[in-house]
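Chain order of the listed sequences is A and B.
Note that the numbering used here numbers the first sequence so that position 31 is 31, with each residue one more than the last.
Every number in the numbering used here is 1000 more than the matching position in the second sequence, counting from 1.
For each residue, glycine too, the CB sits at the ideal point set by N, CA and C.
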Amino acid sequence: MRQRFEGSAHLIRLAVVAAAFVLLFLLIRRAVVPAGFGQYGHFRPAALKEIAAREPVFAGREACAGCHDEIVQAKDKGPHAHVGCEACHGALAVHANDPSALKPTLPVPLHLCPTCHEADAAKPKSFPQVASLTHSGGASCVECHNAHQPKL
Amino acid sequence: MESLVSGVQGFMYPNEVKLQWSLLIVLYPYITGLVAGAFILASLARVFDVAVVRPIYRLSLVTALAFLLVAPLPLQLHLGHPERSLEMYLTPHRTSAMAMFGFVYLWYLTVVLLLEIWLDYRKDIVLASRSHTGPLKWIYTALTLGSQDISPRALHVDERVGFAVTLIGIPSAFLLHGYVGFIFGSVKANPWWSTPLMPVVFLLSAMVSGIAAVLLVYQASSLLRRRPIDMNCLDAVARYLFYVFIVDFSMEMLDLIHRTYEAGQSFHTLDFMVHTRLFVSQIVLQIFGGTLLPLSILALTLAFSLSPAVRRRLYAVAGVTTLIGIFAMRWNVVIGGQLFSKSYLGYTTYKVAFAEREGLTMAIVLMILPVFILWALVRLLPPWDESRAVENL
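Dropping the structure here:
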């Protein structure tokens, strides 16, 4: 038996080093892989609770009506009736809970409106689209359209 | 908004306008290809015991290692968050081909390449640990793992084990690069990629580029060291390049002919692309400049008996054009596959950024880096024949 392994001492050392690396890896894995990983899928199960516990950042469509009734009514009569306020103004739960806590900054129409209306062959033909450069000639969209009731 | 849509022709889904896989994703298969190719060249020489190419055996191994160490960097830079790459090992995702690639890489790096190099160099390392002083001595001593045994019996064991590692190494190198092709070939939504020939073509082109790289590295290193080039060895390597290149080219043409004859639903789109946006990179650089030109040069050297000086120059030209051609091939696969709409009705454009994380500057740095690593490795583990530890010690 001894004879067979003669001249292989360095290989045994190599095997020990390799085993040490594997062991180190297993220890690190034990230490850093979150408990229960993979229970429901390829993620931490605890992440679900953490996400559920977060404060919603969107107030929702109804929330604005209490204070901005005029705008809500104007909007509901126009083509933007089905576009939520926060689709244009961003998440405003903090503002809706306490208006003095956050005064929203107004969106810049020339940046905002083309995100939905810029002409693109990939959009359905029925959706209203303009090539904003030629359509407005660089003028702000709200010089002619009312953002909340844009139909002219 | 306007600027986003410019460069688009016809119908493009909004999420197709901007390319997600950049120049760095072109570099990645290119670099792994060089690794696999250089390694396969070395291994075949060893397994089939080809004496003429012995002078480049170690050089190929060390070249492969230099490139393999750089191979993950383009991916890291592309994805960002390099610290997360470890999670691929900590929480393996068994159904993702991309995630499992981490294990292929690790296997190839440690079990194949490092082990083979260590076994082959062990005698040199032990002798170096005795003859050097200072920090170099520590490095070499650490590399010996504390065993100074270089008795004939121990070296014989190294030889046997090394042979076994080489045997395992060949399929592993095939796996390494075939896998890259597999990842592209299995994207069934993309007709430019989705073909079972993809792994085969990637593998063969990897061998071509790796052999060309070793051909150039050998010539350059001999020039720099002012040592004569072993022409028998160089001729043999050039011959291998020629043969493998022919097989590789046949496979690529088979793919092309098959696509043209089949003329499937996507054909007119891909055909249009090859004639317009990919014309320079596919027809000019890949097929003519990067394949037919080097093939003709190599054929020339085989058909006529030219003087060694002329042969060396021709080989150098063939090597460089080959490397350009294979790079163009990677470009055409990776970038070409993203230039057309999945609706087959439109095309977009890709403009390489310059000084960005995924820009041209970074790509150049990534291609120069392996050369520096190689330079350092060669100082630590000289691959030259004359520096091989003398047999009777």
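How far does the alpha helix (DSSP H) with F1272/B in it reach, from first residue to last? 1267-1275
Please report how far the alpha carbon of L1119/B lies from the alpha carbon of T1144/B, in whole angstroms. 10 angstroms
So who's on the other strand from V130/A, going by DSSP bridges? E118/A
Pairwise C-alpha distance: G84/A and L1113/B: 59 angstroms
Chain B beta carbons: is any one of them nearer than 8 angstroms to that of H145/A? no
Could you name each continuous beta strand (DSSP E) segment of 3 residues or more that falls completely within the stretch 1082-1166 of chain B, going from the start of the chain to the end? none
How would you call N1015/B, buried or exposed, if buried means at least 16 neighbouring beta carbons within 10 angstroms? exposed
Please report the straight-line C-alpha distance between S8/A and H1156/B, rounded to a whole angstrom. 10 angstroms
Straight-line Cα distance separating L133/A from E1002/B: Unreliable placement is indicated for E1002/B, whose pLDDT of 41 sits below 50; no coordinate value is reported for it.
Please state the DSSP three-state secondary structure of Q1009/B. strand
Could you round the C-beta distance between I1040/B and A1071/B to whole angstroms and report it? I think they count as a contact, below 8 angstroms. That belief does not hold up - the Cβ atoms of I1040/B and A1071/B are roughly 16 angstroms apart, past 8 angstroms.
Considering only the alpha carbon of each residue, which of I1335/B, S1131/B, L1034/B, M1251/B lies closest to V1274/B? I1335/B
Please name the residue in C1233/B, F1340/B, G1080/B, L1197/B whose C-alpha comes closest to that of R1259/B. L1197/B
C-beta atoms of Q1219/B and A1316/B nearer than 8 angstroms: yes
Are the beta-carbon atoms belonging to L1090/B and V22/A less than 8 angstroms from one another? no
For L1004/B, is the classification buried or exposed, using 16 other Cβ atoms within 10 angstroms of its Cβ as the cut-off for buried? Model confidence at L1004/B stands at a pLDDT of 48, short of 50, so the residue's coordinates are unreliable; what they give is reported in the following sentence. Burial call: exposed.
By Cβ distance, which residues of its chain are closer than 8 angstroms to A1299/B, with the 5 residues on each side in sequence left out? F1242
Beta carbon proximity, D120/A to chain B, threshold 8 angstroms: yes
Can you check whether the C-beta of F37/A is within less than 8 angstroms of a C-beta belonging to chain B? yes
What did DSSP end up calling Y1347/B once you bin it into helix, strand or coil? strand
Spell out whether any CB of chain A is found under 8 angstroms from the CB atom of R1153/B. yes
Boundaries of the alpha helix (DSSP H) in which R1357/B is found, first to last residue: Neither: R1357/B is in no alpha helix (DSSP H) and is coded neither H nor E.
8 angstroms Cβ cutoff met for Y1344/B and Q1265/B: yes
Given this structure, state the Cα-to-Cα distance separating F1249/B from L1270/B, to the nearest angstrom. 19 angstroms
Let's test the definition: count the other Cβ atoms within 10 Å of the Cβ of Q39/A and tell me whether it reaches 16, buried, or not, exposed. exposed
Indicate the three-state DSSP secondary structure (helix, strand or coil) for V43/A in the structure shown. Reading the sequence as shown, one finds Phe at residue 43/A and not Val. Coil at F43/A, not helix or strand.
For C64/A and A96/A, believed in contact at Cβ under 8 angstroms, the rounded distance: 7 angstroms
With DSSP collapsed to three states, give me the class of F1304/B. coil
I think A1097/B touches V1214/B, with their Cβ atoms under 8 angstroms apart; what is that distance to the nearest whole Å? Going by Cβ atoms, the distance from A1097/B to V1214/B rounds to 29 angstroms, so no, they are not a contact pair.
Is DSSP giving F1340/B helix, strand or coil here? strand
Identify each residue in the stretch 1264-1275 of chain B for which the Cβ-Cβ distance to at least one residue of chain A is less than 8 angstroms, and report them in chain order. none
Alpha carbon of L1106/B to alpha carbon of K49/A, nearest angstrom: 35 angstroms
Sequence-distant residues of its chain with Cβ nearer than 8 angstroms to D1124/B (five each side left out): L1381, P1382, S1387, R1388, A1389
When we look at the beta-carbon of W1193/B and count the other beta-carbons within 10 Å, is it buried (16 or more) or exposed? buried
If we ignore side chains and look at the alpha-carbon of each, how far apart do V1035/B and L1136/B end up? 27 angstroms
Whole-number beta carbon distance between M1362/B and L1024/B, since they are thought to touch under 8 angstroms: 7 angstroms
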